[in-house]
Ligand SMILES: Cc1cc2nc3c(=O)[nH]c(=O)nc-3n(C[C@H](O)[C@H](O)[C@H](O)COP(=O)(O)OP(=O)(O)OC[C@H]3O[C@@H](n4cnc5c(N)ncnc54)[C@H](O)[C@@H]3O)c2cc1C
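Numbering (my numbering), first residue to last: 70 to 467.
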C-alpha cells in the first residue's frame with residue numbers, strides 16, 4: 070500500500086489556509102462579481118501569504134514547495150470563492166511560473182519570477198486560438214527566428230488574465246508554430262502583453278468567474294528577445310503539458326473545494342427547510358442525492374491528491390510522465406461534471422431561492438462549468454485515459 074497521506078506540515082498549512090481564506094477571501098467574494106478582473110487587494114493578499122509562485126525556487130522568491138501542498142491551497146481557495154475566479158488566478162500563476170522556473174533562461178527567470186511571486190507581474194498561458202483549442206498541432210500563430218530575436222504573428226483567443234497581464238506588466242507563456250511538423254514544430258516562449266508594440270488585446274464576457282478577465286490578443290510582428298524562449302525550440306508541445314498537468318490537478322481540487330462548500334450549504338439548508346411538516350433532509354429522495362454526491366466528491370478528492378502526489382513522484386524521478394498524464398486525466402475527466410451535479414442538486418434543494426442571484430451556489434455552478442473546457446476538455450482527458458489503456462496506435466488523430 071502506497072502512503073500518500075498528508076504530512077504534519079501540510080495539515081498545519083491547511084489550517085492556516087482556512088484562516089487566511091476566512092479573513093482575506095470569503096469577505097471579498099462579493100466584490101469579485103463586479104470586478105471584471107482580479108482586484109489588486111486580493112492579489113496583494115495572495116502574495117502576502119506567499120501563495121503566488123509556491124513551486125518557484127527560493128532564489129527567485131518562491132517557496133519551492135510540492136504539488137500536494139499547492140493542491141491544499143487550491144482546495145481551500147475553491148471553498149472560499151464560489152465563483153472560482155481567485156482559485157483560477159492562483160492556479161494559473163502557480164502552474165506557469167513553475168514552468169518558467171523549470172525551463173526558462175536564467176535572465177528571464179531573474180526578470181519575471183521575483184515580480185510574479187510578489188503579485189506585481191501576472192503569468193498566464195496562451196495556447197488557444199479562435200479556430201483551434203484541443204488540436205494544438207494545427208495552430209496558426211507563427212514564431213520565427215530573426216538574428217538575436219524572435220518575431221511572432223497570429224492571435225490567441227479565450228485566454229484568462231488578459232486584463233491582469235496588461236495592467237500588472239505581466240504576460241503569457243505562449244505556444245506558436247515554428248515549423249510545419251505538427252506538435253513537433255511548436256515552441257514555447259514568454260510573451261509580455263503590457264505596452265508591447267503589435268499586441269492588441271480584446272475582451273469577452275464569460276458565463277462565470279467575473280473576478281478574472283477573459284479575452285484574447287492579436288499579435289502583429291511582435292519582436293521578443295531570445296531569452297524569452299522556454300526550453301528548446303520545437304519542444305514546446307511537450308513542455309506545455311507539464312504546466313497543463315499541474316493546472317489540471319489543481320482544478321480537480323478547486324472543484325472538490327467548491328462542491329464541498331456547496332454540500333455544506335445544502336446540508337445546513339435541508340436540516341432547516343420544512344415541507345409537508347418535516348425538514349426536507351428527512352426524505353430519502355434528498356438523502357440519497359446527498360450521499361451520492363458526498364461519495365463522488367470524496368472519491369474525486371482521493372483521486373486528485375493521488376494525481377498530484379504522482380506529479381511529485383515524477384519530479385523525484387520515481388514515476389513516468391505517462392503515469393502523471395493518466396492520473397491527472399482521470400481527475401480532470403470527472404471533476405467539473407461531478408462538482409456541477411452536486412452544486413446543481415444543492416440549488417434544487419433550495420427551491421426558488423436556489424435559482425436567484427442571491428444564492429451563492431449559482432456562482433459556483435457557473436464557475437466549475439468552465440473546467441469542462443479550460444486547461445483541456447473533458448473529452449481530451451478521456452482520450453488520454455484511453456491512450457494509456459489501449460496504446461498509442463489507437464489514437465484517432467494519428
Ligand atoms: C473559462 C475558460 C478559460 C480558458 N482559459 C484559457 C487560457 O487561459 N489559455 C488558453 O490557452 N486557453 C484557455 N481556454 C481555452 C480552452 O483551453 C479550450 O476551450 C479547450 O482546450 C478546448 O478547445 P476549443 O474550445 O477550441 O474546442 P475544440 O478543440 O474546437 O473542441 C470542440 C469540442 O469538441 C471536442 N473534441 C475535440 N476533439 C475531440 C476528439 N478527438 N474526440 C472527441 N471530442 C473532441 C472538445 O472536447 C470540445 O467539446 C479557456 C476556456 C474557457 C472556457
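Glycine included, C-beta positions come from ideal geometry on N, C-alpha and C.
Check: CA-to-CA distance, residue 340 to residue 353, given in whole angstroms; Outcome: 13 Å
Check: Distance, residue 357 Cα to residue 175 Cα; Outcome: 55 Å
Check: Closest Cα partner of residue 90 within the set 77, 147 and 345; Outcome: 147
Check: Where residue 256 sits in the DSSP three-state scheme; Outcome: strand
Check: Cα-Cα separation, residue 165 to residue 451; Outcome: 24 Å
Check: Option nearest residue 444 by Cα separation, candidates 423, 319 and 368; Outcome: 319
Check: Between the CA atoms of residue 344 and residue 192 - distance to the nearest angstrom; Outcome: 50 Å
Check: The beta strand (DSSP E) enclosing residue 225, as first and last residue numbers; Outcome: 218-229
Check: The segment 296-313 touching the segment 355-369, judged by at least three CB pairs closer than 8 Å; Outcome: no
Check: Residue 285 CB to nearest heavy atom of ligand 1 below 7 Å; Outcome: no
Check: Own chain, CB closer than 6 Å to residue 330, minus 5 neighbours either side, in chain order; Outcome: 148
Check: Nearest residue (CA-CA) to residue 256, options 382, 239 and 295; Outcome: 295
Check: Alpha-carbon to alpha-carbon, residue 125 and residue 179; Outcome: 12 Å
Check: Residue 263 (DSSP reduced to helix, strand or coil); Outcome: coil
Check: Endpoints, alpha helix (DSSP H) assigned at residue 313; Outcome: 305-341
Check: Residue 400 - DSSP class collapsed to helix/strand/coil; Outcome: helix
Check: Where residue 456 falls: helix, strand or coil (DSSP); Outcome: helix
Check: Contact test: residue 453 Cβ vs ligand 1 heavy atom, cutoff 7 Å; Outcome: no
Check: Residue 70 classed as buried or exposed, judged by whether at least 16 other C-beta atoms fall within 10 angstroms; Outcome: Reliability of the predicted coordinates at residue 70 is poor, the pLDDT of 47 falling under 50, and the value obtained from them is presented with this limitation in mind. When all chains shown are included, residue 70 counts as exposed.
Check: Segment limits, alpha helix (DSSP H) that includes residue 170; Outcome: 154-172
Check: Alpha-carbon to alpha-carbon, residue 338 and residue 422; Outcome: 11 Å
Check: Closest by C-alpha distance to residue 407, when choosing among 266, 387, 366 and 395; Outcome: 366
Check: Those residues which DSSP pairs with residue 294 across a bridge; Outcome: 218
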